[in-house]
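*Asks:* Numbering (the UniProt record's numbering), first residue to last: 1 to 494.
All C-beta atoms, glycine included, are put in the ideal place defined by N, C-alpha and C.
Just so we're clear, the structure is a prediction, and the values are computed from it rather than from any experiment.
Structure in structure tokens, see below.
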Ligand SMILES: Cc1cc2nc3c(=O)[nH]c(=O)nc-3n(C[C@H](O)[C@H](O)[C@H](O)COP(=O)(O)OP(=O)(O)OC[C@H]3O[C@@H](n4cnc5c(N)ncnc54)[C@H](O)[C@@H]3O)c2cc1C
């Protein structure tokens with residue numbers, strides 16, 4: 001049985017405001033969370049213009065429906081889903097509206113992806129300052145979650161590079177925001193998980209690069225204390241740092257892994273920048289080792305998609321990195337370094353007939369090694385070992401609903417099957433407790449399991465009250481909703 005059952009929409013008071021009228025049934029589609037752990041039947045509209053978005057808002061209002069905004073659907077959980085209501089899919093609003101190759105400022109519609117942006121700009125020597133582990137993320141969706149990259153401790157989240165945006169409020173008003181103009185709304189809508197309005201135009205400052213290549217160093221680390229120590233030591237000398245953790249290792253090897261550290265090349269270090277900056281020289285290879293087409297690679301992962309297989313894969317990866325890969329230095333294209341997860345399209349299908357949740361927590365630096373060791377020990381004791389663990393360094397930021405801390409995050413890909421679902425939820429509950437005790441935070445883009453009490457505990461009453469106040473000003477009827485917002489913030493609709 002698939003876990004992806006349609007989530008029934010709870011009948012909240014806001015739904016009772018207006019009579020619910022039927023919408024065209026040919027608009028009904030099954031929309032899935034990226035982790036395949038939940039799904040919803042919703043009426044999907046894909047406008048290609050601002051007027052089209054406004055029409056969808058009007059349609060929702062006249063039919064007593066709510067609207068859930070959706071970009072590329074790359075959130076692992078229920079952030080871009082809402083059963084029995086309207087899914088406003090912005091992927092057709094993906095035009096580049098303005099580009100200045102001298103200043104690196106780009107203005108786009110919200111459905112333009114990180115991939116669209118780097119492909120457009122790299123030939124002029126510019127790269128997005130913040131990218132997620134996949135390029136298939138829309139800028140609107142990325143801003144709504146305030147995504148971070150492998151350089152978060154150095155440059156902050158994407159919101160710190162957004163110069164300006166237009167936000168279409170459900171009231172019909174379009175508000176232009178920047179860090180100076182309507183700054184309250186600027187710092188709340190970025191990271192505001194699509195609750196305050198729809199981004200319809202965004203201007204992003206890109207980063208100047210002098211080569212299409214990065215210099216990448218690889219080295220191994222023996223446990224969580226070691227990886228924290230190595231990160232702290234290297235933060236000043238690199239532009240990107242990312243760790244991979246073997247979640248099956250135990251005892252004194254708990255938290256062992258590999259680190260990839262990269263730096264931009266300075267002018268003159270690359271003898272042929274005009275060549276390395278060409279889009280063709282960035283693209284990820286179509287085949288594995290020149291033989292296996294990318295499209296079938298997830299099938300090759302299938303025999304290993306079980307605890308024993310993943311234990312073996314993690315061990316082999318660590319062992320290879322620990323010996324031949326240790327202190328290896330290579331030059332790699334920006335895309336190859338940044339989008340490792342895009343090498344194997346649809347790799348998540350290897351989890352079928354199960355699915356996955358991603359559990360990413362953000363822990364202050366002093367507590368991080370201890371807290372992550374406790375998290376992994378708990379996972380191992382409960383027999384639910386994450387198949388992938390990714391480790392990053394972060395810094396604090398000013399955004400109202402921020403997930404970031406001055407510390408570290410560990411993102412755990414946890415496999416789930418119908419018969420383990422209750423155990424995974426019980427595990428998540430205990431993990432949440434560890435995170436709260438360590439003064440940590442959570443990330444809506446990855447979340448599937450938080451509850452209102454936990455959200456309140458890490459965000460604080462005052463922050464939630466400020467967000468609720470803005471929600472009432474921008475969206476007095478509670479038109480914008482999602483399964484995640486209903487799950488975590490029932491007070492948004494009271
Ligand atoms: C393989 C993989 C790797 C990832 N790596 C990272 C990573 O390294 N760092 C990181 O931070 N995240 C990462 N993510 C998470 C991903 O970046 C976020 O979930 C991002 O928000 C997805 O963008 P999207 O376009 O798919 O938005 P969706 O998932 O479709 O929507 C995300 C949110 O944005 C809202 N929204 C969408 N469009 C708009 C709009 N125009 N206006 C207002 N609100 C809107 C939605 O309502 C929803 O709340 C990863 C995800 C995957 C699948």
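Keeping to the same chain, check which residues put their C-beta closer than 7 Å to that of residue 393; ignore five residues upstream and five downstream.
*Replies:* So the list reads 152, 153, 231, 235, 241, 408, once near-sequence residues are dropped.
*Asks:* Have a look at residue 7 and residue 310 and give me their C-alpha separation to the nearest angstrom.
*Replies:* Its pLDDT being 38, under 50, residue 7 is placed unreliably by the model, and nothing is read from it.
*Asks:* Near residue 488, what residues of its chain come up, given a Cβ to Cβ distance below 7 Å and the 5 sequence neighbours on each side ignored?
*Replies:* Excluding sequence neighbours, residue 488 sits near 450, 452, 455.
*Asks:* Residue 30: which of 73, 386, 50 sits nearest, CA to CA?
*Replies:* Residue 73 is the option with its Cα nearest to residue 30.
*Asks:* From the DSSP output, read off the bridge partner residues of residue 286.
*Replies:* Answer is none; residue 286 lacks a bridge partner.
*Asks:* Alpha carbon to alpha carbon, how far is residue 24 from residue 225?
*Replies:* Between residue 24 and residue 225, the C-alpha separation is close to 57 Å.
*Asks:* Residue ranges of each alpha helix (DSSP H) run of no fewer than 4 residues wholly in the segment 267-326, ordered along the chain?
*Replies:* Runs of the alpha helix (DSSP H) inside the segment 267-326: 273-276, 297-301, 307-323.
*Asks:* What did DSSP end up calling residue 91 once you bin it into helix, strand or coil?
*Replies:* Coil at residue 91, not helix or strand.
*Asks:* Considering only residues of the same chain and omitting the five flanking positions on each side of residue 448, which have a CB-CB separation below 6 Å?
*Replies:* Around residue 448: 37, 77, 357.
*Asks:* Just to check, is the beta-carbon of residue 294 closer than 8 Å to a non-hydrogen atom of ligand 1?
*Replies:* Residue 294: no, Cβ never under 8 Å from ligand 1.
*Asks:* Please identify the residue among 144, 112, 59 whose C-alpha is closest to the C-alpha of residue 94.
*Replies:* For the residues 144, 112, 59, the minimum Cα distance to residue 94 belongs to 112.
*Asks:* Under 8 Å, with one C-beta from each stretch per pair, do the segment 206-225 and the segment 417-425 reach the 3-pair mark?
*Replies:* Touching, no, given that fewer than three Cβ pairs across the two stretches are closer than 8 Å.
*Asks:* Once DSSP output is grouped into helix, strand and coil, what is the label at residue 85?
*Replies:* Correct three-state label for residue 85: coil.
*Asks:* Give me the Cα-Cα distance between residue 491 and residue 468, rounded to the nearest whole angstrom.
*Replies:* The straight-line gap from Cα to Cα measures roughly 7 Å.
*Asks:* Taking all protein chains shown into account, do 16 or more other C-beta atoms lie within 10 angstroms of the C-beta of residue 70, making it buried, or fewer, making it exposed?
*Replies:* Buried, because 16 or more other Cβ atoms sit within 10 Å of the Cβ of residue 70.
*Asks:* Measure the C-alpha to C-alpha separation of residue 2 and residue 271 and round it to an integer number of angstroms.
*Replies:* Low local confidence applies: a pLDDT of 36 at residue 2 is under 50, so the model's placement there is unreliable, with the coordinate-based value given in what follows. Roughly 53 Å separates the two Cα atoms.
*Asks:* Whose C-beta lies closer than 8 Å to the C-beta of residue 396 among residues of the same chain, with five residues either side of it excluded?
*Replies:* Excluding sequence neighbours, residue 396 sits near 402, 404, 405, 406.
*Asks:* Could you have a look at residue 392 and say whether DSSP puts it in helix, strand or coil?
*Replies:* Looking at residue 392 - three-state DSSP - the assignment turns out to be strand.
*Asks:* From residue 53 to residue 249, what distance separates their C-alpha atoms?
*Replies:* Their Cα atoms are separated by approximately 50 Å.
*Asks:* Just checking my contact of residue 269 with residue 183 at CB under 8 Å: how many whole Å lie between their CB atoms?
*Replies:* Contact flag wrong, Cβ pair sits at about 39 Å.
*Asks:* Do you know whose CA, among 287, 130, 106, 339, lies nearest residue 120's CA?
*Replies:* Considering only alpha carbons, the answer is 106.
*Asks:* Suppose only complete runs of 3+ residues qualify. What are the beta strand (DSSP E) ranges in the segment 394-427, listed by chain order?
*Replies:* Fully enclosed beta strand (DSSP E) runs of 3 or longer: 407-416.
*Asks:* Using only CA atoms, which one of 312, 316, 133 lies nearest to residue 220?
*Replies:* When only C-alpha atoms are compared, the closest one is 316.
*Asks:* In the DSSP assignment, the beta strand (DSSP E) including residue 171 goes from what residue to what residue?
*Replies:* It is not in any beta strand (DSSP E) - residue 171 carries neither H nor E in the DSSP assignment.
*Asks:* Which class does residue 43 belong to by DSSP, given the choice of helix, strand or coil?
*Replies:* It is a strand residue.
*Asks:* For residue 390 versus residue 243, is the C-beta spacing smaller than 9 Å?
*Replies:* Cβ atoms of residue 390 and residue 243: closer than 9 Å.
*Asks:* Could you pull out every unbroken beta strand (DSSP E) segment of at least 3 residues lying fully inside the segment 64-138, listed in chain order?
*Replies:* Runs of the beta strand (DSSP E) inside the segment 64-138: 67-70, 86-89, 96-100, 105-108.
*Asks:* At a threshold of 8 Å, does residue 76 count as lining ligand 2 (C-beta to nearest heavy atom)?
*Replies:* As for ligand 2, it is missing from this structure, which binds only ligand 1.
*Asks:* For the structure I just gave you, are there three or more beta carbon pairs, one from the segment 342-354 and one from the segment 426-446, closer than 8 Å?
*Replies:* Contact fails: fewer than three Cβ-Cβ distances are below 8 Å.
*Asks:* For the beta strand (DSSP E) containing residue 260, name the first residue and the last one.
*Replies:* Counting along the chain, the beta strand (DSSP E) containing residue 260 begins and ends at 257-264.
*Asks:* Do you know how far the Cα of residue 128 is from the Cα of residue 288?
*Replies:* Whole-angstrom Cα-Cα distance: 27 Å.
*Asks:* On the DSSP bridge list, what partners appear for residue 244?
*Replies:* Note: residue 244 sits in a beta bridge opposite 258, 390.
*Asks:* Counting C-beta neighbours from all protein chains within 10 Å, is the total for residue 474 16 or more, i.e. buried, or is it exposed?
*Replies:* Buried, since its Cβ has 16 or more Cβ neighbours within 10 Å.
*Asks:* Relative to the alpha-carbon of residue 263, which residue among 280, 136, 333 has its alpha-carbon at the smallest distance?
*Replies:* Looking at the Cα atoms, 333 is the closest of the given residues.
*Asks:* What ranges does the alpha helix (DSSP H) occupy inside the segment 154-232, keeping only unbroken runs of at least 4 residues that lie completely in it?
*Replies:* The segment 154-232 contains these whole alpha helix (DSSP H) runs: 183-189.
*Asks:* What would DSSP say about residue 458, mapped onto helix, strand or coil?
*Replies:* Helix.
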